[in-house]
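Sequence lines, in order, name chains A and B. Numbered by the working numbering, the letters in the first sequence go through residues 82 to 194 in order. Numbered by the working numbering, the letters in the second sequence go through residues 4 to 118 in order. All residues carry an ideal CB built from backbone N, CA and C; glycine is no exception.
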Amino acid sequence: GDSVTQMEGPVTLSEEAFLTINCTYTATGYPSLFWYVQYPGEGLQLLLKATKADDKGSNKGFEATYRKETTSFHLEKGSVQVSDSAVYFCALRSRDAGNMLTFGGGTRLMVKP
Amino acid sequence: EAGVTQFPSHSVIEKGQTVTLRCDPISGHDNLYWYRRVMGKEIKFLLHFVKESKQDESGMPNNRFLAERTGGTYSTLKVQPAELEDSGVYFCASSQGQGRHGELFFGEGSRLTVL
Chain A
82 GDSVTQMEGP VTLSEEAFLT INCTYTATGY PSLFWYVQYP GEGLQLLLKA
132 TKADDKGSNK GFEATYRKET TSFHLEKGSV QVSDSAVYFC ALRSRDAGNM
182 LTFGGGTRLM VKP
Chain B
4 EAGVTQFPSH SVIEKGQTVT LRCDPISGHD NLYWYRRVMG KEIKFLLHFV
54 KESKQDESGM PNNRFLAERT GGTYSTLKVQ PAELEDSGVY FCASSQGQGR
104 HGELFFGEGS RLTVL
């Protein structure tokens with residue numbers, strides 16, 4: 082079945098540091114890939130998505146590129162802020178799995194001033 | 004426009020008791036999903052409604068869990084009787100379409116603690 086593996090946290094960075102959160106997936110067919118974020122006290126929000134190979138999703142300074150050859154969708158940001166502190170979830174949806182969202186375990190990011 | 008709302012935000016019950024969680028999707032969204040995150044692990048799919056019909060309930064863990072969506076509007080998820088391993092955060096989400104490209108809109112979650 083489909084699965085998503087992302088790096089375990091917590092990830093602790095200083096403000097303005099470079100961020101990478103690794104995400105790899107296993108899926109049949111051609112899934113769509115997503116990053117969701119959960120800020121403290123809030124629900125899950127879609128951060129960005131990519132629907133086909135080589136697509137780059139971007140939002141709020143975050144980027145992730147759909148790499149079919151390495152089955153990866155790593156999240157990057159050039160300069161993190163304290164307000165980026167949150168839990169980040171990588172996820173996929175595939176038609177073969179009934180289009181349900183399959184999530185990774187989540188990575189907690191803590192950014193210190 | 005109101006987002007997905009869930010109630011209660013936190014429920015603490017004893018083993019063997021019953022709890023009912025409620026989800027109000029975004030108005031006009033036919034698709035409603037329940038997910039849960041147990042013990043800080045992956046967020047796992049529970050079930051999917053299209054209007055009032057259960058499209059996929061393959062993720063429901065056992066028959067102690069009952070989900071309903073009467074009239075195709077709000078949904079309830081009842082756990083009866085609750086067990087310790089049911090503790091976790093239950094998320095509800097809704098969407099307009101079912102396609103794999105589409106965005107699911109999530110609520111803040113209902114945290115369930117079973118003592």
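In this chain, the beta strand (DSSP E) harbouring Tyr-93 (chain B) covers 91-98.
Counting C-beta atoms within 10 angstroms of its own C-beta, Gln-83 (chain B) has fewer than 16 neighbours from the protein chains shown and is therefore classed as exposed. Around the C-beta of Pro-194 (chain A), fewer than 16 other C-beta atoms lie within 10 Å, and the residue is accordingly described as exposed.
Scanning chain A for C-beta atoms nearer than 8 Å to the C-beta of Phe-94 (chain B) yields Gly-124, Leu-125, reported in chain order.
Residue pairing from DSSP places Asn-140 (chain A) in a beta bridge opposite A:Phe-143.
By the C-beta density criterion, Phe-99 (chain A) is exposed, having fewer than 16 other C-beta atoms within 10 angstroms. Below the 9 Å Cβ cutoff, chain B contributes Tyr-36, Tyr-38, Ile-46, Phe-48, Ala-96, Leu-107 as neighbours of Leu-182 (chain A), in chain order. Tyr-117 (chain A) and Ser-84 (chain A) do not touch by the CB rule: their CB atoms are close to 16 Å apart, not below 8 Å. Only residues of its own chain outside the window of five on either side were considered, and among them Gln-99 have a CB closer than 8 Å to the CB of Gly-31 (chain B), listed in chain order. By the Cβ-count criterion, Tyr-36 (chain B) is buried, with 16 or more other Cβ atoms from all chains shown falling within 10 Å of its own Cβ.
Contacts with chain B (Cβ-Cβ distance below 7 Å) from the region 157-181 of chain A involve Phe-170, Arg-174, Ser-175, Arg-176, Gly-179, Asn-180, Met-181, listed in chain order. Taking a beta-carbon distance threshold of 7 Å, Gly-82 (chain A) does not count as an interface residue toward chain B. Between the alpha carbons of Gly-185 (chain A) and Gly-74 (chain B) lies a distance of about 33 Å. Using beta-carbon distances, Glu-111 (chain B) counts as an interface residue toward chain A, with a partner under 7 Å.
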